[in-house]
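**Q** In order, the protein sequences belong to chains A and B.
Start counting the first sequence at 229; every next residue gets the next number (the numbering used here).
Start counting the second sequence at 1233; every next residue gets the next number (the numbering used here).
All C-beta atoms in this analysis are idealised placements derived from N, C-alpha and C, irrespective of residue type, glycine included.
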Amino acid sequence: DAGVTQSPTHLIKTRGQQVTLRCSPKSGHDTVSWYQQALGQGPQFIFQYYEEEERQRGNFPDRFSGHQFPNYSSELNVNALLLGDSALYLCASSRTGLSEAFFGQGTRLTVV
Amino acid sequence: EDQVTQSPEALRLQEGESSSLNCSYTVSGLRGLFWYRQDPGKGPEFLFTLYSAGEEKEKERLKATLTKKESFLHITAPKPEDSATYLCAGVGAGNMLTFGGGTRLMVKP
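1. Nearest by alpha-carbon distance to residue 1315 (chain B): which of B:1269, B:1265, B:1260 and B:1275 is it?
2. Going by DSSP, what residue range makes up the beta strand (DSSP E) through residue 1322 (chain B)?
3. Could you tell me whether the region 281-294 of chain A touches the region 1234-1241 of chain B, using the rule of 3 or more Cβ pairs below 8 Å?
4. Keeping to the same chain, check which residues put their C-beta closer than 6 Å to that of residue 1245 (chain B); ignore five residues upstream and five downstream.
5. In the DSSP assignment, find the beta strand (DSSP E) that holds residue 315 (chain A) and state where it starts and stops.
6. Below 8 Å on the Cβ atoms is my contact criterion, and I expect residue 1296 (chain B) with residue 1278 (chain B) to pass it. Report the Cβ-Cβ distance as a whole number of Å.
7. At a Cβ threshold of 9 Å, is residue 1329 (chain B) touching chain A?
8. Closest by CA to residue 337 (chain A), which one among A:313, A:328, A:320 and A:319?
9. For the candidate residues B:1289, B:1290, B:1308 and B:1319, whose alpha-carbon lies nearest to that of residue 1275 (chain B)?
10. Can you pull the chain B residues whose beta carbon is under 7 Å from the beta carbon of residue 329 (chain A), in chain order?
11. Looking at the structure shown, is residue 279 (chain A) part of a helix, part of a strand, or coil, going by DSSP?
12. For chain B, check one thing: does any of its Cβ atoms lie closer than 9 Å to the Cβ of residue 277 (chain A)?
13. For residue 264 (chain A), count the other beta carbons within 10 Å of its own beta carbon; 16 or more makes it buried, fewer makes it exposed. Which is it?
Set out below in structure tokens:
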């Protein structure tokens, strides 16, 4: 079982650019959630996808958008990047009806 | 609004010196309280889920407990390899994890 996989592992972007991060959930999981973790802080919930629809959203602007594909994999898109978007972006997968969420290794995004 | 607070923010222990990490929570309709371990630059690694007050779970040198307002992660006779950030998170009616700020644990040989 490969677990939750994210790509890329590191990324450097310039302010104003757009970025797409990708996540493949753990086998058997159908729900994908995205979190942003600033240095030295706990992860903050961005949104959750189930059955290809956004089911829940945290307090993040519309510049953050996502998508879930029929195979349950997911993308996080961030438009008009700001310096403050620099963080570790984490993907977590879970199975509907169960609470346990498993995380990928994250994508470290640096905006310069 | 759901809230999770962890203390202390940082903890230094000598190898073999047992201690406890605290997680206070206000989560509406709590469905589970989670503990994760996170190493620098990596994703959180799942440790435990606790579902109801009075529940306890153990894994090697770690033991997690839950009350109606708090959870504790007890570390017995820690080793240097236990050094990491320990994160606590609650899941409520909103079906999303609300994390605390974490406790950075350093165990010195």
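**A** With the given structure in hand:
1. The residue labelled residue 1315 (chain B) in the question sits at position 83 within the second sequence. When each option's Cα is compared against that of residue 1315 (chain B), the closest is B:1269.
2. Counting from one through the second sequence, the residue named residue 1322 (chain B) turns up at place 90. For residue 1322 (chain B), the enclosing beta strand (DSSP E) starts and ends at 1316-1323.
3. Flag = no, the region 281-294 of chain A and the region 1234-1241 of chain B do not touch.
4. Taking the first residue of the second sequence as position 1, residue 1245 (chain B) is located at position 13. If we look at residue 1245 (chain B) and ignore the five residues flanking it on each side, its Cβ neighbours are 1251, 1310 and 1339.
5. Your numbering for residue 315 (chain A) matches position 87 in the first sequence. Note, residue 315 (chain A): beta strand (DSSP E), 315-322.
6. The count along the second sequence starts at 1 and reaches residue 1296 (chain B) at position 64. The count along the second sequence starts at 1 and reaches residue 1278 (chain B) at position 46. Not really, about 12 Å apart at Cβ, beyond 8 Å.
7. Here residue 1329 (chain B) corresponds to residue number 97 of the second sequence, with the count starting at 1. Closer than 9 Å: yes.
8. Looking up residue 337 (chain A) in the first sequence gives position 109. Closest by alpha carbon: A:313.
9. Taking the second sequence and counting its residues from 1, one reaches residue 1275 (chain B) at position 43. Closest by alpha carbon: B:1319.
10. Position 101 of the first sequence, counted from the start, is the residue given in the question as residue 329 (chain A). Those within 7 Å of residue 329 (chain A) in chain B are 1329.
11. For this step, residue 279 (chain A) is matched to residue 51 along the first sequence. Secondary structure at residue 279 (chain A): coil, using DSSP grouped into helix, strand and coil.
12. Here residue 277 (chain A) is taken as the residue at index 49 of the first sequence, counted from 1. With 9 Å as the cut-off, residue 277 (chain A) does not count as an interface residue toward chain B.
13. One-based indexing of the first sequence puts residue 264 (chain A) at position 36. For residue 264 (chain A), the number of other beta carbons within 10 angstroms of its own is at least 16, and it is reported as buried.
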